[in-house]
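K.L.:
Here it is, the structure in full.
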Amino acid sequence: MITCQHVFKSYASHQPILRDVNFSLRAGGYYLLTGRSGAGKSTLLNILSLNMLPSQGDVFMFGQNVAHLGRDVLPLVRRRIGCVYQNYRLFNHLTVAENIALPQKVMGVSPREYRRKTEELLHWVHLEHHRDSLPVMLSGGEKQRVAIARAVINNPSIILADEPTGNLDPELSKKVMYLFDVLNQQGATVFIATHDPRLMEQSKHHILEIADGQVHERVRPSKTRIYPVE
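If you want the working numbering, it's the 1-based position in the sequence shown plus 31.
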């Protein structure tokens with residue numbers, strides 16, 4: 032599904048923040064990416080979400096090298112990727128329903144269809160009662176659920192999340208992570224960047240660590256078997 036080969040990323044004249052990154056994620060897999068602040072987690076997610084190109088190297092996704100695609104093709108590939116951010120990135124002047132529907136409205140989907148899909152997702156994230164609310168009226172956990180619903184309205188094959196529980200208490204974190212579990216069970220590849228030790232301790236999924244500009248699978252000192260990244 033996703034393969035990075037010899038990926039480097041530098042900003043201006045600084046040393047590379049990503050240095051010869053090589054790893055593969057299998058379709059339908061579930062991965063956590065950890066690393067200290069500033070290690071490059073967000074940079075890697077920006078590359079995988081096609082919001083940023085690597086300075087050097089190849090990124091294969093959906094059978095093509097997306098690091099070298101033309102600007103006219105990139106938006107078509109992005110539609111197959113859903114992104115969730117720590118700060119939610121909701122539009123404060125739009126209602127919950129309008130925020131969720133926005134990706135389909137931009138694509139030109141008919142109002143009847145995007146409204147139907149929006150209602151399904153409002154029910155899924157248990158926010159029907161906030162359909163017409165503005166983001167300022169929501170809690171952090173509710174905002175994150177709106178962000179997840181918006182990210183999946185186009186039925187993406189890949190879900191990328193950057194610190195989705197970073198602003199949430201343990202109980203709200205569980206509710207949010209449950210949604211990612213459901214998406215993975217439905218076949219989506221899930222890739223979450225986090226520094227939340229609770230997630231890593233409780234997770235049975237692959238844990239990758241970024242350090243010194245490179246990505247390695249993290250070996251946990253437990254009886255849980257860690258399968259190699261495919």
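For every residue, glycine included, the Cβ atom is placed at its ideal position computed from N, Cα and C.
Within 8 Å, do at least three Cβ pairs link the stretch 151-158 to the stretch 175-189?
P.N.:
With the cut-off at 8 Å, the stretch 175-189 and the stretch 151-158 touch.
K.L.:
What's the C-alpha gap between residue 94 and residue 32?
P.N.:
Taking the straight line from one Cα to the other gives about 8 Å.
K.L.:
Do residue 210 and residue 221 have their CB atoms nearer than 8 Å?
P.N.:
Not in contact: residue 210 and residue 221 (Cβ atoms no closer than 8 Å).
K.L.:
Measuring straight from C-alpha to C-alpha, what distance separates residue 235 and residue 63?
P.N.:
Whole-angstrom Cα-Cα distance: 10 Å.
K.L.:
Rounding to the nearest angstrom, what Cα-Cα distance links residue 243 and residue 65 in this structure?
P.N.:
Rounded to whole angstroms, residue 243 to residue 65 spans 13 Å at the Cα level.
K.L.:
Just list the alpha helix (DSSP H) runs in the stretch 152-205, keeping only unbroken ones of 4 residues or longer that don't cross its boundaries, in chain order.
P.N.:
For the stretch 152-205, whole alpha helix (DSSP H) runs of length 4 or above, ordered along the chain, are 171-183.
K.L.:
Quick check on residue 120: buried or exposed, where buried means 16 or more other Cβ atoms within 10 Å of its Cβ?
P.N.:
With fewer than 16 other Cβ atoms within 10 Å, it is exposed.
K.L.:
Just the Cα atoms here: how many angstroms apart are residue 39 and residue 101?
P.N.:
Their backbone Cα atoms lie some 20 Å apart in a straight line.
K.L.:
According to DSSP, simplified to helix, strand and coil, what is residue 211?
P.N.:
DSSP places residue 211 in helix when its eight states are reduced to three.
K.L.:
Name the two residues that bound the continuous alpha helix (DSSP H) containing residue 233.
P.N.:
First-last of the alpha helix (DSSP H) with residue 233: 228-233.
K.L.:
Look at the Cβ atom of residue 108, then the Cβ atom of residue 83, and state whether they are nearer than 8 Å.
P.N.:
Cβ atoms of residue 108 and residue 83: not closer than 8 Å.
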